[in-house]
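To start, the structure itself, in structure tokens.
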Amino acid sequence: MAQYEYLILMAACVAITLPLEFVLRARVYRRLPLMLPTILVVVVAFGAWDLLGIARDHWTYNPEFVTGIQFGMIPLEEIVFFIVIPLCALLSYEGVTTVLNFFKRKRAEKGAGDAA
2 MAQYEYLILM
12 AACVAITLPL
22 EFVLRARVYR
32 RLPLMLPTIL
42 VVVVAFGAWD
52 LLGIARDHWT
62 YNPEFVTGIQ
72 FGMIPLEEIV
82 FFIVIPLCAL
92 LSYEGVTTVL
102 NFFKRKRAEK
112 GAGDAA
């Protein structure tokens with residue numbers, strides 16, 4: 002079970018933030034043309050950073066906590082991390098923006114009602 006901890010953690014991150022797509026209408030998954038380049042930049046930039054760190058023996062991944070599936074020198078879990086965490090960040094950002102815009106509209110409506 003320990004070898005799946007990293008993937009389970011990533012699944013938990015998705016599960017926690019996924020409701021923002023529907024409850025707050027974050028519209029991250031529905032805007033693939035905007036989402037995919039964002040994720041691609043993160044995967045490429047941090048993938049290169051990881052490759053450099055691994056090649057120079059700056060860090061390693063404990064085989065006890067990863068599945069053993071590799072993409073070159075990078076474990077599957079790390080690639081999943083580079084996809085999941087930016088998605089969670091985008092969902093959180095869009096969710097907060099939705100809430101702030103809601104309160105901004107309410108304040109504007111109240112101000113317009115007070116002026117009448």
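Residue numbering for the sequence shown is 2 to 117, as defined by our numbering. For each residue, glycine too, the CB sits at the ideal point set by N, CA and C.
Residue range of the alpha helix (DSSP H) that includes residue i
i: residue 36; result: 33-56
i: residue 12; result: 6-18
Proximity of residue i and residue j at Cβ, strictly below 8 Å
i: residue 4; j: residue 79; result: no
i: residue 95; j: residue 27; result: yes
i: residue 68; j: residue 19; result: no
i: residue 45; j: residue 87; result: no
i: residue 48; j: residue 82; result: no
i: residue 58; j: residue 75; result: no
Minimum C-alpha distance to residue i - residue among the options
i: residue 24; options: 92, 111, 109, 112; result: 92
i: residue 85; options: 69, 71, 13; result: 13
i: residue 53; options: 63, 35, 34, 73; result: 73
i: residue 98; options: 6, 22, 2, 11; result: 22
i: residue 10; options: 112, 108, 100, 89; result: 89
Heavy atom of the ligand GDP within 7 Å of residue i beta-carbon
i: residue 48; result: In the structure on display, the ligand GDP does not appear, and there are no ligands present to speak of.
DSSP beta-bridge partners of residue i
i: residue 76; result: 71
Inter-stretch contact (C-beta, 8 Å, three-pair minimum) for the stretch 104-113 and the stretch 33-53: no
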